[in-house]
Structure formats: structure tokens, C-alpha cells
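Mapping of the sequence shown onto the numbering used here: residues 63 to 481, in sequence order.
Virtual Cβ for every residue (Gly too), placed ideally from N, Cα, C.
Every value quoted in this text rests on a predicted model; they were computed, and no experiment measured them.
Working notes for the structure below.
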Amino acid sequence: MVSAGSAPQWAHLIRPEHVHGSVYTDPGIFEAELEKIWQRVWVYVGHTSEVPNPNDFIMKFIGPEPILMTRDRDGRIHLLHNRCPHRGNRVCATEKGNARSFTCNYHGWTFLNNGQLRGYPFPSGYQIDNREHLGLGRVPRVAIYKGFVFGSLCAEGPSLEEFLGGAKDAIDALVRNSPEEEIEITTGYLKHKVKANWKFVLENETDGYHPSFVHASIFEVAQSGIGALYSSDSTAVARYFGNGHSEVDLRPEFRRIGKPLGWFGTSPERLPDYVSRMEAAYGAGRAREIMIDGTPHIMIFPNLFIAEIQMFVLQPIAVDETIQHVTALQFKGAPDLNRRMRQQTMGSVGPAGFLLADDAAMYERSHRGVKDKSPEWVFLGRGKHRERHDENGFLIGDATDEVPSRGMWGYYRSLMEAN
Ligand code: FES
Ligand SMILES: [Fe+2]
């Protein structure tokens with residue numbers, strides 16, 4: 063076992079095509095990840111559409127830590143620690159709502175929704191000139207890209223746009239599927255808790271090897287063409303963007319087939335209102351291209367997975383416990399498409415949905431396997447011999463190749479080795 067203080071020998075634990083099982087199961091490594099990853103890099107927190115009005119707030123998290131996302135009366139977004147600076151009590155216990163201020167239950171200190179201390183009961187008990195440091199703790203860096211709000215608990219580091227790099231294009235491609243170029247997160251969350259390390263979950267999101275087997279039953283029941291996208295004949299590619307981000311880019315297949323809305327398993331005749339709004343917004347030719355390409359399948363390190371019709375936010379709770387918060391994507395100005403996105407989300411990841419339950423069984427079993435040291439190492443060599451670079455210089459492989467996992471582990475190692 064490796065403890066957080068004893069500097070694990072990463073070169074011995076993470077090799078180009080192998081990762082030692084203890085990296086998924088060692089509680090000391092989990093503690094070290096909180097410091098070196100979750101408290102350092104940009105982490106996705108929430109979307110601006112979740113706090114649409116002045117004084118709206120919603121409870122979020124960075125890693126295991128609760129964070130309040132608020133919009134103040136002037137419309138500015140804040141990320142605040144949900145922790146009273148008096149004696150550490152939780153300040154807000156409500157999931158979401160609208161409030162100008164929050165009052166701590168313990169001794170009644172009150173804070174404005176921008177984090178400032180407003181006051182405390184029986185004020186003659188204090189002689190404090192400067193209350194500045196007695197506000198709610200702030201996430202030191204907050205940045206927003208196309209409505210996606212990210213926070214970094216580290217005061218210094220690359221800008222959000224530098225961190226996202228090529229992943230920005232996938233977010234751009236996502237929002238283009240709205241005639242108003244905006245997504246909205248308005249349907250609430252399903253929370254799925256799994257007994258597995260967060261990295262098994264993360265790797266699975268852009269693992270294009272498993273769908274043909276793990277999801278064969280849902281593809282069959284739904285008479286879906288998705289299975290073929292992840293076969294060895296598929297022209298789709300797995301891509302590593304750097305900084306831990308990766309995608310399975312299905313556009314080559316969708317373009318080869320050339321059917322608008324084929325990505326969604328439907329046709330323009332069945333969503334006439336959406337199609338006419340897209341044509342009005344982009345012109346018929348461009349709208350057709352966008353509707354052929356569809357939405358991305360991208361994992362933004364370390365916790366945001368955009369999966370065509372839904373979005374997953376990963377939350378590590380313990381070395382062997384992870385929550386996936388899942389919501390349906392909704393496109394502004396696309397009511398008929400949105401209704402079907404909600405229905406499909408319920409079918410795939412709802413309480414009786416097939417898709418996520420099947421995945422969950424896989425990462426829980428993998429976790430148990432490496433915990434038993436059988437196998438001691440996981441092998442991530444698939445497609446190494448056919449890795450190549452795309453026109454933008456990103457590493458790609460066939461859809462079923464383990465390019466995303468290998469890339470992620472290289473970045474992980476660089477973070478864990480950094481001082
Ligand atoms: S702990 Fe919040 S007011 Fe005392
Ligand atoms: Fe899956």
C-alpha cells in the first residue's frame with residue numbers, strides 16, 4: 063500500500079500499456095488524488111441555465127466537497143464553499159432554490175449569496191473591524207465556457223480555454239444542435255452510486271470496445287444501429303485531446319451514412335418543428351450538415367461526460383465509491399427534440415434503464431477483480447500499433463482502441479508526479 067505522504071513510484075505503477083491495480087484501490091492514492099487532481103485542475107461544476115434568475119442557487123460539488131453555485135442579484139455567478147467560517151457548519155442544506163442570503167443553523171451567522179458576511183447575532187460579542195475574511199470561502203478561479211461553469215480550487219494554472227484545448231470544439235459542436243446555440247440543463251438529476259473507483263467510470267465513458275458486448279441487449283430491444291458504430295468495421299475514431307480529455311468521434315460513420323438525425327435514430331419527418339427551426343437558424347445546407355454530425359461523445363477530464371443525449375457528472379466519494387449525476391441534455395428552442403431526449407434518457411439511464419445498469423456492473427466487477435489482485439495489472443494496449451495523428455495533431459485510433467485510456471493515464475501520471 064502507498065500512503066499519500068510516501069511519494070508512490072509512478073513509473074512503476076503506470077506504464078505505457080499497463081496500470082497497476084492498486085492505483086484504483088489504494089486509499090492513500092485516493093487521498094493524494096484529492097490534492098493533486100481535484101483540488102488543482104479545472105473541474106466542471108454546473109451550467110448557467112441551472113441558476114437562470116437573480117438569487118438562484120444550487121448545490122454542487124468539486125470532488126467530494128460540497129460547493130454552492132449562486133447567481134447574485136446582479137446576475138454574476140459565484141462558487142462558494144458550503145461551510146460556515148465560524149465553526150465549519152454547513153450553511154445551506156437545500157438542494158436548490160432562490161435566496162438572497164443564507165443563515166447558518168448553528169449560531170445564526172448570515173451570508174449574502176455573493177459570499178459576504180452580512181451579520182451575526184448579538185454583535186456586541188465581537189470587536190471585528192474587517193469582516194472580509196469572515197465570508198464564505200470562494201473557489202479561487204471560476205470560468206464559464208458556453209454556459210458550462212468550471213471551478214479550480216488552485217489559484218494558479220492554465221486558463222480554462224487552455225485546459226480544454228481541442229475539447230472546446232466538441233462543446234461548440236454540441237451547442238450547435240440548438241437553433242439558438244445554447245443548451246439548457248432543466249430536467250433534474252438521477253444519481254447512480256457505484257462501488258467502483260472513479261477512474262474505472264471515467265475510462266469506460268470513451269471505451270469504444272465494450273458497447274458491442276455490454277450493451278448488446280439494449281441495442282437489440284431498441285433495434286438500434288448504435289452497435290455497428292462500435293464494431294471493428296466502423297470508421298468512427300477514438301481521439302485523445304490532451305489534458306486527460308478524450309472522445310469517440312462518430313461523425314465519420316454518420317457522414318458516411320449521410321442521414322440527418324440518423325445520430326438520434328430518427329428522421330427529419332418525425333421532428334418537423336426542430337428541422338424548420340434549424341434551417342431558419344443556419345440555412346438549409348448547414349443545418350443538414352449539423353443534423354448529420356449530431357452531438358459529441360466526449361469525456362472532459364476529470365468529471366464531465368457528454369454522451370450524445372445526456373450528460374454525466376462524476377463525483378468521487380471514496381476510493382471504492384463514485385456517484386454519477388445524470389441529466390438529459392436539452393437544446394434551447396427545440397421543444398420536440400427535447401421531449402424525445404428526455405424519454406430516451408429515461409430509457410437508457412432511468413431507474414429501469416438498461417444502459418447505465420449494464421455499465422455499472424462492469425466497473426464494479428473490474429474494481430473487485432483488481433482489489434483481489436487478479437489481475438494485478440490492467441492491460442491497455444489495444445490499438446497501440448495503429449495509433450496515428452489527425453489533421454489537428456491529436457492522437458487517434460479506431461473506435462474500439464484504447465487511445466483515450468492511454469492518454470488519460472499519461473496525463474494522470476504527470477499530475478500525480480507534479481509538486
Ligand atoms: S458554525 Fe455557523 S454560525 Fe456558528
Ligand atoms: Fe457503456
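Alpha helix (DSSP H) containing residue i: first to last residue?
i	result
Asn160	Per DSSP, Asn160 belongs to no alpha helix (DSSP H); it is in the beta strand (DSSP E), 158-160.
Ser410	397-411
Ser163	Where Ser163 is concerned, there is no enclosing alpha helix (DSSP H), although the beta strand (DSSP E) it sits in stretches over 163-165.
Arg317	313-319
Note the first and the last residue of the continuous beta strand (DSSP E) segment covering residue i.
i	result
Pro147	Looking at the DSSP string, Pro147 is not in any beta strand (DSSP E), and its letter there is neither H nor E.
Phe303	299-304
Lys208	From DSSP, Lys208 is part of no beta strand (DSSP E); its letter is neither H nor E.
Thr132	127-133
Val81	80-82
Asp118	118-124
Phe416	Note, Phe416: premise wrong, no beta strand (DSSP E); not H, not E.
Gly181	179-181
Ile288	Looking at the DSSP string, Ile288 is not in any beta strand (DSSP E); the run it does join, the alpha helix (DSSP H), is 288-291.
Ile362	359-362
Measure from the alpha carbon of residue i to the alpha carbon of each residue in the options, then state which is nearest.
i	options	result
Tyr344	Glu242, Pro466, Leu252, Gly150	Glu242
Leu391	Phe316, Thr407, Ser436	Thr407
Asn160	Cys146, Asn151, Asn175	Asn175
Gly443	Glu351, Arg430, Thr357, Val465	Val465
Thr268	Glu127, Pro358, Ala396	Pro358
Leu215	Gly445, Lys98, Ile362, Phe92	Lys98
Gln405	Phe441, His429, Thr249	Thr249
Asp382	Glu218, Val432, Asn305, Ile129	Val432
Val440	Leu417, Phe456, Trp471	Trp471
Asn259	Asn481, Arg427, Thr328	Arg427
Ile124	His195, Leu366, Glu479, Tyr474	Leu366
Glu246	Gly356, Ile371, Thr87, Arg430	Ile371
Ser329	Arg348, Arg135, Gly356	Gly356
Trp104	Tyr207, His195, Arg77, His277	Tyr207
Leu226	Pro116, His429, Thr132, Ser308	Ser308
Gln178	Tyr188, Tyr168, Cys146, Leu222	Cys146
Ser111	Asn167, Ala94, Lys394	Lys394
Lys435	Arg77, Val85, Arg135, Cys154	Val85
So what does DSSP say about residue i, is it helix, strand or coil?
i	result
Trp104	coil
Asp421	helix
Ser221	coil
Tyr271	coil
Tyr344	helix
Tyr474	helix
Glu351	helix
Leu333	coil
Val381	coil
Phe173	strand
Glu479	helix
Glu242	coil
Glu464	coil
Leu264	helix
Ala369	strand
Ser296	coil
Glu93	helix
Gly469	helix
Ser338	helix
Thr389	strand
Ala258	coil
Leu252	strand
Arg200	strand
Leu75	helix
Gly324	helix
Arg444	coil
Gly187	helix
Ile233	helix
What does a CB cutoff of less than 8 angstroms around residue i pick up in its chain, not counting 5 residues either side in sequence?
i	result
Ser294	Asp460, Thr462
Glu157	Ile120, Met121
Arg138	Asn176
Ile379	Pro126, Lys255, Ile385
Arg450	Leu457, Ile458, Gly459
Leaving out the 5 sequence neighbours to the left and right, which residues in its chain are closer than 6 angstroms to residue i when beta-carbon positions are compared?
i	result
Ala346	none
Pro183	Gly170
Arg203	Ser214
Asp118	Arg133, Asn160
Gly199	His143
Met373	Thr389, Leu391
Leu482	Missing from the structure shown is residue 482; the chain here goes from 63 to 481 and no further.
Of all the CB atoms in chain C, is at least one closer than 8 angstroms to the CB of residue i?
i	result
Ile319	Included in the structure is just one protein chain, with no chain C present.
For residue i, collect the residues of the same chain with a Cβ closer than 7 angstroms to its Cβ; drop the 5 residues on either side in sequence, then sort them by chain order.
i	result
Gly67	For Gly67, the predicted structure reports a pLDDT of 47, less than 50, and the residue's modelled location is therefore unreliable. The matter cannot be settled from this model.
Ser65	Bear in mind that the predicted position of Ser65 carries a pLDDT of just 48, short of 50, making it too unreliable to give a figure here.
Val310	Thr268, Gly270, Ala298, Ala300, His359, Ala461
Gly469	Tyr302, Ser308, Leu457
Lys230	Tyr207, Glu223
Pocket of ligand 1 defined by Cβ to heavy atom distance under 5 angstroms:
Every residue whose Cβ sits closer than 5 angstroms to any heavy atom of ligand 1 is listed here in chain order: Cys146, His148, Arg149, Asn151, Cys166, Tyr168, His169, Trp171.
Under a criterion of Cβ closer than 7 angstroms to any non-hydrogen atom of ligand 2, which residues qualify, in chain order?
Those residues, listed in chain order, are Asn266, His272, Pro273, Val276, His277, Leu417, Asp420, Asp421.
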